[in-house]
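Report on the following structure.
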Amino acid sequence: MSEAIRFQDQVVIVTGAGGGLGRTHALLFAKHGAKVVVNDLGGSTHGEGANSSAADKVVEEIRAAGGTAVANHDSVTDGEKIVQHALDAFGRIDVVVNNAGILRDKTFHKMEDADWDLVYKVHVEGAYKVTRAAWPHMREQGYGRVIFTASTSGIYGNFGQSNYGMAKLGLYGLTRTLAIEGRKNNILVNAIAPTGGTRMTEGLIPPQVFEQLKPELISPLVVYLASQACEETSGLFEVGGGWIGKTRWERSLGVGFDPRAGFSPEDVAASWQQICDFDGAAHPADNIEALKEMMEHLQKYAL
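Residues in the sequence shown are numbered from 459 upward in steps of one, following the numbering used here.
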């Protein structure tokens, strides 16, 4: 049987924790002994307005259950304020869960700059600001865990979500690089692509399925990834409805042309089927592995 996961004396920031996934994350962290900073600006799913009651109610829930938490009402774009609040309240920061997000869905030809900019600002800039403010503290103490919230809309694309998909896949790019930079200081960084029944997905998912996609079925993965028990870093996990799977990049073995003689668009066309053949595909884990086939190809023609 696995050892109990605890966050004794650890401080966790969960952004967008006034409802939905963030709320269940915060409650479960508190249940496992963490001191939780419940951040939520209290705006709408479209990024409009502000209301402090959402975060306050979650803190009340945590305290009523015997846990420790404080509410924070700053925007994630003021990430340094959120981190400073954690330091003022609890003296340290061990985990950042970047969960805050909004939707401004439109087909690309109807997209306005405000729709693009605000989604980027909340998802990407907000996650950057909070994580960047926490990063030096994690480096100094030689420990940290960061979770980013990606989406299948970013991995696979989704109609009407060019802005959202861009932001969500961008966060996974950030995950990969921070995992490399953070490892030497014992800072592990992972991303989840959740499917949950929340106010952001209500109306987008059939009602009979929506009821089964409880946010509570996503939080156990987040709490595990943020724990000392987890040694995973740079991972991307699709999760929802009680199911978890790890996602990875896949690339065909490709076709090599003579770099000295060059090649034509017609040569590309003639080799297209083989270029797109995933039989025996490679799964590069980093930039070095990604260059393997190309470097082996070049060596064939080395003088």
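Each residue gets a CB set at the ideal place from its N, CA and C atoms; glycine is no exception. Please read all numbers here as calculations on a predicted model, not as lab measurements.
Need the endpoints of the alpha helix (DSSP H) that residue i sits in, please.
i: residue 584; result: 584-599
i: residue 438; result: Since the first residue of the chain shown is 459 and the last is 761, residue 438 is not available in this structure.
i: residue 746; result: 745-748
i: residue 627; result: 620-640
i: residue 513; result: 511-522
Can the beta-carbon of residue i be found less than 7 Å from the beta-carbon of residue j?
i: residue 490; j: residue 555; result: no
i: residue 648; j: residue 597; result: no
i: residue 615; j: residue 626; result: no
i: residue 494; j: residue 548; result: no
i: residue 717; j: residue 479; result: no
i: residue 400; j: residue 608; result: In the structure as shown, the chain starts at 459 and stops at 761, and residue 400 therefore has no counterpart that could be examined.
i: residue 751; j: residue 720; result: no
i: residue 544; j: residue 471; result: yes
i: residue 697; j: residue 650; result: yes
i: residue 533; j: residue 499; result: yes
i: residue 681; j: residue 485; result: no
i: residue 553; j: residue 603; result: yes
i: residue 587; j: residue 633; result: no
i: residue 692; j: residue 740; result: no
i: residue 595; j: residue 645; result: no
Taking its Cβ as the centre, do 16 or more other Cβ atoms sit within 10 Å of residue i, making it buried, or is it exposed?
i: residue 670; result: exposed
i: residue 701; result: exposed
i: residue 759; result: exposed
i: residue 749; result: exposed
i: residue 730; result: exposed
i: residue 546; result: exposed
i: residue 744; result: exposed
i: residue 511; result: exposed
i: residue 505; result: With a pLDDT of 49 at residue 505, under the threshold of 50, the modelled position of that residue is not reliable, and the figure given next carries that caveat. With 16 or more other Cβ atoms within 10 Å, it is buried.
i: residue 723; result: exposed
i: residue 635; result: exposed
Leaving aside the five residues before and after residue i along the sequence, list all residues of the same chain whose C-beta is less than 7 Å from its C-beta, in chain order.
i: residue 464; result: 490, 491
i: residue 475; result: 481, 483, 484, 496, 497, 498, 513, 516, 557
i: residue 566; result: 620
Who are the Cβ neighbours of residue i in its own chain at under 6 Å, not counting the five residues just before and after it?
i: residue 755; result: 714
i: residue 640; result: 647
i: residue 581; result: 559, 625
i: residue 746; result: none
i: residue 538; result: 591
Which residue comes first and which comes last in the beta strand (DSSP E) that contains residue i?
i: residue 492; result: Segment: none, residue 492 is in no beta strand (DSSP E) and carries neither H nor E.
i: residue 704; result: 701-705
i: residue 576; result: Premise fails: residue 576 lies in the alpha helix (DSSP H), 571-578, not in any beta strand (DSSP E).
i: residue 472; result: 469-472
i: residue 673; result: Here residue 673 belongs to no beta strand (DSSP E), and DSSP marks it neither H nor E.
i: residue 690; result: From DSSP, residue 690 is part of no beta strand (DSSP E); its letter is neither H nor E.
i: residue 770; result: Coverage of the chain is limited to positions 459 through 761, which leaves residue 770 absent and any answer about it impossible.
i: residue 605; result: 602-607
Could you name the residues of the same chain whose beta carbon sits closer than 8 Å to that of residue i, not counting the 5 residues immediately before and after it, in chain order?
i: residue 656; result: Confidence in residue 656 is poor, its pLDDT being 49 and thus under 50, which makes the residue's placement too unreliable to answer from.
i: residue 488; result: 494, 520, 523, 525, 526, 527
i: residue 742; result: 707, 709, 748, 750
i: residue 654; result: 478, 479, 671, 672, 673, 675, 676, 698
7 Å is my cut-off, CB to CB: does residue i come that close to chain B?
i: residue 741; result: Given the protein chain composition of this structure (a single chain), no chain B is represented.
_So, does the stretch 617-637 touch the stretch 555-564, judging by three or more C-beta pairs under 8 Å?_
yes
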